[in-house]
Structures are given as C-alpha cells and as structure tokens.
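**Q** Input: one structure, supplied below.
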Amino acid sequence: LVGSEMCIRDSYKDFLSLGAAQTELIKSSEIVYVGHGIDAENYSDYAGIDVKGKIVLAKTGEPKDDNGNYITSGTSEETKWSSGRQSLSSKSNAAKDKGAKAMFYVEPALFERYATYYKTVAESGQAGRISLKSNEPSTMFFMVSEDFAKVLYPNITDDAKAKMVPATLNINVKSQSEEVASENVVAFIRGTEKPDEILVISAHLDHEGVKDGQVYNGADDDGSGTIAILEIAEAFKMAADNGHGPKRSILFLHVTGEEKGLLGSRHYTDNDPIFPLKNTVADLNIDMIGRTDPKRKEGDRNYVYLIGSDKLSTELHNLSEEVNQKYTNVELDYTYNDENDPNRFYYRSDHYNFAKNNIPVIFYFNGTHDDYHKPTDTPDKIEYDLLENRTRLVFYTAWEIANRDARLIVDKAEAE
C-alpha cells in the first residue's frame, strides 16, 4: 500500500487485508471519506454520495443525538453500528452494498487484536486459505491503524461528514488461491405448526485430509460432530414418523470447508441460504465433542464447553441451562466463552457465520488435545459415553427450541 505520504505501508503494523480473494492493482487519486460508514433506515453516511467503484474510508462508532442516544436506535444502548466485530461486519457490508471497490476501516482496539492474532498465524505457517468463490462483485476490505488512517485523512478523528479526500493511493493485492469443488450436505424436517421458522443444527464434514502420505483421521474433529448430527437427525425423524414432528422446521446442515476458513457455513449464510436468515431462530453447532481436554484440571469429565449461548439471546442461554439440568446433567463449562480468550474459539467454528448475522448460537466443544489436527485423532480415543451424553444435550436443547410456543428473542447486540 502506498498512502498520501508516498511511503510503503506494512502489513500487521499499518493494515490488515480481510477477505480480499483476488489479485488486483487499484490506483486512485481520491478516497471517499464516509464518516462512520453507517447505512441505516433513519441515518446514512452514504446519503447523496455515489461510491460505486471507489475506495471508501470509515471510522468506528456512530453519532449520538443531543440526549446522548444513538441516532440509529434512539436509545443509549450500543447498536450493531457502534463497535466491535458486528460493527466491522455491518459497515463492510454497507460498503459492499453501495458498490465500493475497497474499504479502509479504522477501529484501533479491534485492529490491535486482529493484527496480533493474524501475525501469529502467519508466522506459524498456517496463513494459507482456500478462497470462497462467489459470483458477486467483490469489495476488498482493509482494517488500518489509527496512524495510517490519519495519513489518509488527517481530520478523521474530529470530522464525521462525508467528503472526497485527495490521496495518491496504490493498492496491489496478490492472492494465492485454488479452486476446489465441494458440497454442503443438508437434510430437512418440515415443522408442523411454524414451518417458516428454521432451527439449524450444524457440524462440519471435512478434516485435514492426507498430508505426506499420512491420513488425518479427524475422529474427534469433526467425526464426533458428524455422528452427533446423524443421531439427532434420526431421533427427530423417528419422532416425526410417529406423529410428533417438531413445531418449527429443522435444517441439519453438514458443512464443508471448515478447516479452510469456515467456507461451507459462510457460503450458506453469505451466498446461498436455503431459507432466509431472518427466519432462522438459532444455530446449534457441534465441533469436537468426543474427547476431554487434558488442560482442564478441575471438574467432572462429563463436561462440555459452551461458547456463545449468552451472546445474543438471554432466553437461549437460560433454556440451555434448564434443559441440561432436567435431562443430562453435563457440567457446562464457560471457560472459552470470553471473546478476549487468546484461543479465539468463538470465531473458529461454523456457528460464527450465523452469529455475525445476529442469529443466536451455541457452540458445543470439548477443547483441544494432543491429537488435534494430527493423524493420531483416531476412533479408538473417542470417549463414547461422553459423546453420547453430549449428543443428548444437543438433542434436548434442539427439541425445546423447536417446540416452544414463542420464537427465541434476540435481546443483545453481538459482543466483540
């Protein structure tokens, strides 16, 4: 990247490229500064501005009125436009919808977290990803440091008004990717009373494959989730065949490409949802539930890590606790439910693509172990009694969600 100071900018220190899947050179003599980059029904930073094919620059936050309430909501509660990952997603989607060719986004705290994480991943040699192919026009998205943002537009901190900003800017993106064919596998049970409301139960069908002649078996990751989703589907189908079909529809979503960047679930949510996301009431995601975490020194072996249950819906979290107490008595461990956890598990499985769309989720997970992402993740090491009881927990939770009178209420904006 070359900014208006005519100096080369460094990845991880000055910018991060997120989601750029093409190789392209863009030259521009101006940037469209769009303030906070919001495009809501009652307020838009894009009003009267054409950004199609142009580079836009936006900053974190959203404006408030004279009473201290956010303009987009009229309340003092933060909205999806305010800060954090959901703000990042909302603003990047707005730029894409407006036809922007590229977007620079500055949110200092989030940039620091992301830069540290992605630099670590890159240095470990695990940065390669297979890109998700889409026929839609692409928008390159960059998070930038506060210093670089001020190079692009010195008054960015104080100015919230959209305007054209002169800037000599060359963006040279070189992406290494390969095209592969793969499929999501789905099964569907139509609801008896509320068929248009969809509960998704997901697990991923892929693993690491064969490397250097060694088979990476993936018995726990995610053979355990695969077995669980099949057993849960069979139980729901047996109930339906006996006249006890769920009130809401159930979509069993067995996704591909999780190990390459959550590609199968992202294809479903971002490119081709079978059912409208607005009709999706929750996603219960099962990824590694057949083993135990050797780092977990205290507590019952009959546990499961729950991640995300309280992030978007208080009702979902309470329902999950009540179902477990009533039916399965698994120890529910929330150790990794903290978004600031350095392992970043909340972002690393297929539930995340639903959560970023404000759909309540629960991620069921036993933690990593010495055989994680190794050929030695084999079936003989699965603890089948734990796998069975955790699968029952997911089933009973799904049953309650599918058959309760009212749809789960989303009462929280997505946390960072």
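Sequential numbering from 931 applies to the sequence shown in the working numbering. Note that beta-carbon positions come from the ideal geometry of N, C-alpha and C, so glycine has one too. Quick caveat, the model's predicted, so the values are computed rather than measured.
#1: In this structure, what does DSSP give as the bridge partners for Tyr1146?
#2: Is the beta carbon of Thr1009 within less than 7 angstroms of some heavy atom of the ligand ATP?
#3: When you compare only the Cα positions, how much space is there between Lys1167 and Gly1175?
#4: Rounded to whole angstroms, what's the CA-CA distance from Lys1311 to Thr1050? Just pull it up for me.
#5: Look at Thr925 and Val1253 and say whether their C-beta atoms are less than 8 angstroms apart.
#6: Would you be able to state if there are at least three C-beta pairs under 8 angstroms between the region 970 to 986 and the region 1110 to 1121?
#7: How close, in whole Å, do the beta carbons of Asp1280 and Ser1132 come, if the pair is a contact with beta carbons under 8 angstroms?
#8: Just curious, the alpha helix (DSSP H) that Lys1225 is in, first and last residue?
#9: According to DSSP, which residues form a beta bridge with Pro1096?
#10: DSSP three-state call for Ala1170: helix, strand or coil?
#11: With H, G and I counted as helix, E and B as strand and the rest as coil, what does DSSP make of Asn999?
#12: So, at 6 angstroms on beta carbons, what are the nonlocal neighbours of Phe1071 in its own chain, with the 5 sequence-adjacent residues on each side left out?
#13: State yes or no: is the C-beta of Ile1180 within less than 8 angstroms of the C-beta of Tyr1294?
#14: Taking the alpha carbon of His1169 as the point to measure from, which residue in Ser1154, Ser1195 and Gly1121 has its own alpha carbon closest?
#15: To the nearest angstrom, how far is the alpha carbon of Tyr1235 from that of Lys1010?
#16: With 16 other CB atoms within 10 Å as the buried threshold, where does Thr1005 fall?
#17: Does the beta-carbon of Lys1286 have 16 or more other beta-carbons within 10 angstroms, so that it is buried, or is it exposed?
#18: Buried or exposed: which applies to Gln1016, given that a residue is buried once 16 or more other Cβ atoms fall within 10 Å of its Cβ?
#19: Spatial neighbours of Ser958 within its chain, please: CB distance less than 6 angstroms, with the 5 preceding and 5 following residues excluded, ordered by chain position.
#20: Going by alpha carbons, who is nearest to Gly1229 out of Val1260, Asn1248, Leu1207 and Thr1244?
#21: To which residues of the same chain is Val1211 closer than 7 angstroms at the C-beta, ignoring the five residues directly before and after it?
#22: What is the residue span of the alpha helix (DSSP H) that Lys989 lies within?
#23: Straight-line CA distance for Pro1309 to Trp1329?
**A** Let me spell this out:
#1: Gly1139
#2: By its list of ligands, the structure shown contains no ligand whatsoever, and the ligand ATP lies outside what it can speak to.
#3: 8 angstroms
#4: 30 angstroms
#5: Since the displayed the chain opens at 931 and closes at 1346, residue 925 lies outside it and no answer follows.
#6: no
#7: 5 angstroms
#8: Premise fails: Lys1225 is in no alpha helix (DSSP H) and is neither H nor E.
#9: Glu960
#10: helix
#11: coil
#12: Leu948, Gly949, Ser1022 and Met1033
#13: no
#14: Before going on, a small fix: residue 1169 reads as Ala here, not His. Here the closest residue by C-alpha is Gly1121.
#15: 27 angstroms
#16: exposed
#17: buried
#18: buried
#19: Ile985 and Leu1099
#20: Val1260
#21: Glu1127, Ile1128, Leu1129, Arg1178, Ile1331, Arg1337 and Leu1338
#22: Note, Lys989: premise wrong, no alpha helix (DSSP H); beta strand (DSSP E) at Ile985 to Lys989.
#23: 28 angstroms
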